[in-house]
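Below is one structure, written out as structure tokens, with a few remarks after it.
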Amino acid sequence: MTVHLSLVLALVGLAVTLAVAVARPTWLPEAVAAVVAAAVLLAFGAVSVGRTRQALGDLAPTIGFLAALLLIGDGCRREGLFDALGTLMARRSNDSPRRLLALVFILAASVTAVISLDSTIVLLTPVIFATVTRLRMTPTPYVYACDHLANSASLLLPISNLTNLLAFRASGLTFAHFSLLMALPTLGVIAIEWVVLTRFFGAELRRPREQVAVSDEVKLPRFTLAVVGVTLIGFLVSSLIGVDLLWIAAAGAAALTVPALVRRKTTLRGILQALQPGFLIFVFGLGIIVAAASDNGLTAAVRAVLPHGESFIYMLGIAAVSAVLANLVNNLPATLILAPALAPAGHVAVLAALLGVNIGPNLTYVGSLATLLWRRILRAEGTEVNLGEFLRLGALTVPAALLVSAALLWAVTRLGA
Amino acid sequence: MRVLVWIVEGTWMAAVAAAKQFVPADAQITLLHVMPAEAQAVAREAPQALLGRWHARSTEALQSIAVQVASGLLADARVLLGRDATLNAQGGRVGDAVVAAAQKTDLLVVARDCDHAGEGPRSMGPTARYVLDHAPCPVLLVWSKQADAT
Numbered sequence: 043m044t045v046h047l048s049l050v051l052a053l054v055g056l057a058v059t060l061a062v063a064v065a066r067p068t069w070l071p072e073a074v075a076a077v078v079a080a081a082v083l084l085a086f087g088a089v090s091v092g093r094t095r096q097a098l099g100d101l102a103p104t105i106g107f108l109a110a111l112l113l114i115g116d117g118c119r120r121e122g123l124f125d126a127l128g129t130l131m132a133r134r135s136n137d138s139p140r141r142l143l144a145l146v147f148i149l150a151a152s153v154t155a156v157i158s159l160d161s162t163i164v165l166l167t168p169v170i171f172a173t174v175t176r177l178r179m180t181p182t183p184y185v186y187a188c189d190h191l192a193n194s195a196s197l198l199l200p201i202s203n204l205t206n207l208l209a210f211r212a213s214g215l216t217f218a219h220f221s222l223l224m225a226l227p228t229l230g231v232i233a234i235e236w237v238v239l240t241r242f243f244g245a246e247l248r249r250p251r252e253q254v255a256v257s258d259e260v261k262l263p264r265f266t267l268a269v270v271g272v273t274l275i276g277f278l279v280s281s282l283i284g285v286d287l288l289w290i291a292a293a294g295a296a297a298l299t300v301p302a303l304v305r306r307k308t309t310l311r312g313i314l315q316a317l318q319p320g321f322l323i324f325v326f327g328l329g330i331i332v333a334a335a336s337d338n339g340l341t342a343a344v345r346a347v348l349p350h351g352e353s354f355i356y357m358l359g360i361a362a363v364s365a366v367l368a369n370l371v372n373n374l375p376a377t378l379i380l381a382p383a384l385a386p387a388g389h390v391a392v393l394a395a396l397l398g399v400n401i402g403p404n405l406t407y408v409g410s411l412a413t414l415l416w417r418r419i420l421r422a423e424g425t426e427v428n429l430g431e432f433l434r435l436g437a438l439t440v441p442a443a444l445l446v447s448a449a450l451l452w453a454v455t456r457l458g459a
Numbered sequence: 002m003r004v005l006v007w008i009v010e011g012t013w014m015a016a017v018a019a020a021k022q023f024v025p026a027d028a029q030i031t032l033l034h035v036m037p038a039e040a041q042a043v044a045r046e047a048p049q050a051l052l053g054r055w056h057a058r059s060t061e062a063l064q065s066i067a068v069q070v071a072s073g074l075l076a077d078a079r080v081l082l083g084r085d086a087t088l089n090a091q092g093g094r095v096g097d098a099v100v101a102a103a104q105k106t107d108l109l110v111v112a113r114d115c116d117h118a119g120e121g122p123r124s125m126g127p128t129a130r131y132v133l134d135h136a137p138c139p140v141l142l143v144w145s146k147q148a149d150a151t
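So the sequence lines, in the order shown, correspond to chains A and B.
Residue numbering for the first sequence follows our numbering, beginning at 43 and increasing consecutively.
Residue numbering for the second sequence follows our numbering, beginning at 2 and increasing consecutively.
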């Protein structure tokens, strides 16, 4: 098969798989679509058996890591960590909407960085909504803050976002080095979010607040917090003690899961559900499809489009292109495409791409314009949601956040050099 | 005479106090609260960004919390008003919903988003300003200072 034909076939496979993942038809799980597309590419010789095996081998540690993180997130939910944090936040807010927003910022950023953005979006956001609504305050600013910080604060650690996990191995950095380089850019982006959100929702934040009784009892699950803390420390010192990150994550997941299984707080079925096997298979399939596309010319094309070099302008360019790509498709496939193309250029280029794919999704609340448009088509009549507000807030934060984070990343890498 | 009082979290006491003070005893009063749809939409739809790595979680719990809190708010407002009033709880685009509800009334009572400390254009957020700009009827605009609530 010619290279051109292989590329076309791989791109079609990628488009179909992503379309299924976005549209989520009930009769066709995205994992099946990804596996079938990968099998077709393999059958037509668009990707070799050896390359498939290599792609699977490259992805396996990352997928294992993701599985461990999903279990840790699920354990935190099971032990009531997010509900307890929500109540604690309500009690500490002292009748001040601004203070409450600051607490939401701290909470969302911490949960995102340490337990990953999945937990912030799926588990923390509903808690924030419920807590703030019960305090008789308009929940909109707080829920937006949670949603935005899930993306913005996910720059910090390799575990904070699946995109980081995927790019982390390509970057060749240690856990601690990655986190150190991303610390200032993350703080810069959070500062931008604070300035924009407090101005955007100035009216809601200036309103007087009623005294609403908050439950006195907060039971923080100490053991769970301790496991999360020790696991994090393990990640940071992993390269010093020479233990692979995967084993540390697995130990953390086991420490939360095994006691719960023994005490029948959860079942094997519940654990299997939390692991989301369908999604893990989907990523494997997607990895093969992207490998086929990359080898047959996509990587070369991406390299031709992306700027080269380590100056500030180049880094901003990489971040901007990555943000656009993440919004066209979704940041997961965007990272799979970008990481191999940028890895030879060094870790700074990979980190710059992560700025784009992690911050970019804030342009739309569903992570990509394709998803947003699809949702609009699905419910053409449902205009009760003020879509302009979402898009305006994204337009106000994302370009500024990209600019500031790229500048800070550039400064940090200069300082290190 | 039909009067619509717009009930907003934090400022509703001032609106109700103004209605108590200025609305004639024979007027029919409706208390309206609109829960903005955006927060629930974000909580419901943001997991789409994760592609497949999330459970299809029910968001009915969030909806029921919103409904429960809104009806509690309206009930408290009626108690403060101290007379009979129709309660109207809605969800959706707040500005549009308030303007639509005001079509059939003779007076709309609106509280600003802050007290005297915030005098000037910033005393009203975009939603309150939209309601003011599009209100089809006369509007009674009051400061949100809670001391007035007696």
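Note that CB positions come from ideal geometry on N, CA and C, so glycine has one too.
* Members of the region 100-123 of chain B that neighbour chain A once the beta carbon cut-off is set at 8 Å -> Under the 8 Å Cβ criterion, the region 100-123 of chain B contributes Asp114, Cys115, Asp116, Gly119, Arg123.
* Helix, strand or coil for A/Ile330, going by three-state DSSP, please let me know. => DSSP places A/Ile330 in helix when its eight states are reduced to three.
* With DSSP as the reference, please indicate the residues paired to A/Ile114 in a beta bridge. => Answer is none; A/Ile114 lacks a bridge partner.
* To do: Give every residue of the same chain whose Cβ lies closer than 7 Å to the Cβ of A/Arg141, excluding the five residues on either side of it in the sequence, and list them in chain order.
  => Excluding the 5 residues flanking it on each side, A/Arg141 has same chain C-beta neighbours closer than 7 Å at Ser135, in chain order.
* Inter-stretch contact at 8 Å, needing at least 3 Cβ pairs: the region 101-118 of chain A / the region 234-247 of chain A -> Contact between the region 101-118 of chain A and the region 234-247 of chain A is absent: fewer than three C-beta pairs spanning the two stretches fall below 8 Å.
* Asked: Would A/Leu348 pass as a contact of A/Ile331 if the rule is Cβ separation under 7 Å?
  -> Cβ atoms of A/Leu348 and A/Ile331: not closer than 7 Å.
* In the DSSP assignment, what residue or residues form a beta bridge with B/Trp7? -> Paired residue(s): B/Leu33.
* To do: Kindly list the residues whose CB is nearer than 7 Å to the CB of A/Glu423, restricted to its own chain and excluding five residues on each side of it in sequence; keep chain order.
  => Because A/Glu423 carries a pLDDT of 47, less than 50, the predicted location of this residue cannot be relied on, and the following value inherits that uncertainty. Closer than 7 Å at Cβ, skipping near neighbours: no residue.
* B/Asn89 - partner residues in DSSP beta bridges -> The partner list for B/Asn89 (beta bridge, DSSP) reads B/Leu33.
* Can you find a CB in chain D that lies within less than 7 Å of the CB of B/Arg79? -> Among the protein chains of the structure shown, namely A and B, there is no chain D.
* Of all Cβ atoms in chain B, is any one closer than 7 Å to the Cβ of A/Arg119? -> Closer than 7 Å: no.
* To do: Would you tell me roughly how many angstroms separate the C-alpha atoms of B/Leu109 and B/Pro139, rounded to the nearest one?
  => Between B/Leu109 and B/Pro139, the alpha-carbon positions lie close to 6 Å from each other.
* Asked: Using a Cβ cut-off of 8 Å, which residues of the region 39-51 of chain B contact any Cβ in chain A, in chain order?
  -> The region 39-51 of chain B vs chain A, Cβ under 8 Å: Glu39, Ala40, Gln41, Ala42, Val43, Ala44, Glu46, Ala47, Pro48, Gln49, Ala50, Leu51.
* Closest by CA to A/Val185, which one among A/Val164, A/Ser196, A/Leu198, A/Leu204? -> For the set A/Val164, A/Ser196, A/Leu198, A/Leu204, the Cα lying nearest the Cα of A/Val185 is the one of A/Val164.
* Tell me, please, whether the region 248-258 of chain A touches the region 170-179 of chain A by the rule of three or more beta-carbon pairs shorter than 8 Å. => Counting Cβ pairs under 8 Å, three or more are found: they touch.
* **Option in A/Lys307, A/Thr308, A/Gly271, A/Leu303 with minimal Cα separation from A/Ile290** => Scanning A/Lys307, A/Thr308, A/Gly271, A/Leu303 for the CA closest to the CA of A/Ile290 turns up A/Gly271.
* Residue burial classification, B/His135 (beta-carbon count within 10 angstroms, cutoff 16) -> When all chains shown are included, B/His135 counts as exposed.
* **Residues bridged to B/Val111 (per DSSP)** => B/Leu142, per the DSSP bridge assignment.
* Helix, strand or coil: how does DSSP classify A/Arg140 here? -> Three-state result, A/Arg140: helix.
* To do: Report the three-state DSSP secondary structure of A/Leu177 (helix, strand or coil).
  => DSSP places A/Leu177 in coil when its eight states are reduced to three.
* Asked: Between the C-alpha atoms of A/Leu303 and A/Leu310, what's the straight-line distance to the nearest angstrom?
  -> The straight-line gap from Cα to Cα measures roughly 7 Å.
* Measure the beta-carbon distance from A/Leu49 to A/Asn338 and round it to whole angstroms, keeping in mind my assumption that it falls under 8 Å. => Their Cβ separation, rounded to whole angstroms, is 4 Å, which keeps A/Leu49 and A/Asn338 in contact under 8 Å.
* Could you pull the start and end residues of the alpha helix (DSSP H) that A/Thr59 belongs to? => Looking at the DSSP string, the run of the alpha helix (DSSP H) that includes A/Thr59 is 45-65.
* Asked: When the Cα of A/Leu60 is compared with those of B/Phe23, B/Arg123, B/Leu52, which residue comes out closest?
  -> From the listed residues B/Phe23, B/Arg123, B/Leu52, the smallest Cα separation to A/Leu60 is found for B/Leu52.
* To do: May I have the straight-line CA-CA distance separating A/Ala172 from A/Leu322, to the nearest angstrom?
  => Going by the C-alpha atoms only, they are around 31 Å apart.
* To do: Would you tell me roughly how many angstroms separate the C-alpha atoms of B/Val68 and A/Ala316, rounded to the nearest one?
  => Cα to Cα, B/Val68 sits roughly 30 Å from A/Ala316.
* Asked: Is the beta carbon of A/Ser364 sitting closer than 7 Å to the one on A/Leu374?
  -> Contact flag unset, no.
* To do: Kindly say whether A/Met179, judged by its beta-carbon, lies nearer than 7 Å to any beta-carbon of chain B.
  => Yes, because at least one Cβ of chain B sits closer than 7 Å to the Cβ of A/Met179.
* To do: Specify the secondary structure class of A/Trp69 as computed by DSSP and reduced to three states.
  => Of the three classes helix, strand and coil, the one that applies to A/Trp69 here is coil, per DSSP.
* **Which of helix, strand or coil DSSP assigns to A/Glu423** => Its pLDDT being 47, under 50, A/Glu423 is placed unreliably by the model, and the measurement read from it follows with that caveat. The answer is coil: DSSP assigns A/Glu423 none of H, G, I, E or B.
* **alpha helix (DSSP H) segment containing B/Phe23, residue limits** => Here the alpha helix (DSSP H) through B/Phe23 covers 13-23.
* Identify, in the order they occur along the chain, each residue of the same chain with its Cβ nearer than 6 Å to the Cβ of A/Ala153, setting aside the five sequence neighbours on each side. => Strictly speaking, residue 153 of chain A in this sequence is Val, with Ala absent from that position. Correct list, in chain order: Ser161, Thr162, Leu166.
* **B/Leu74: contacting residues in chain A (beta-carbon distance under 7 Å)** => Those within 7 Å of B/Leu74 in chain A are Arg178.
* To do: Please confirm if B/Ser145 has its CB atom under 7 Å from at least one CB of chain A.
  => Taking Cβ atoms only, chain A reaches closer than 7 Å to B/Ser145, which makes this a yes.
* Let me know the secondary structure DSSP gives A/Pro263 once reduced to three states. => Coil, per DSSP.
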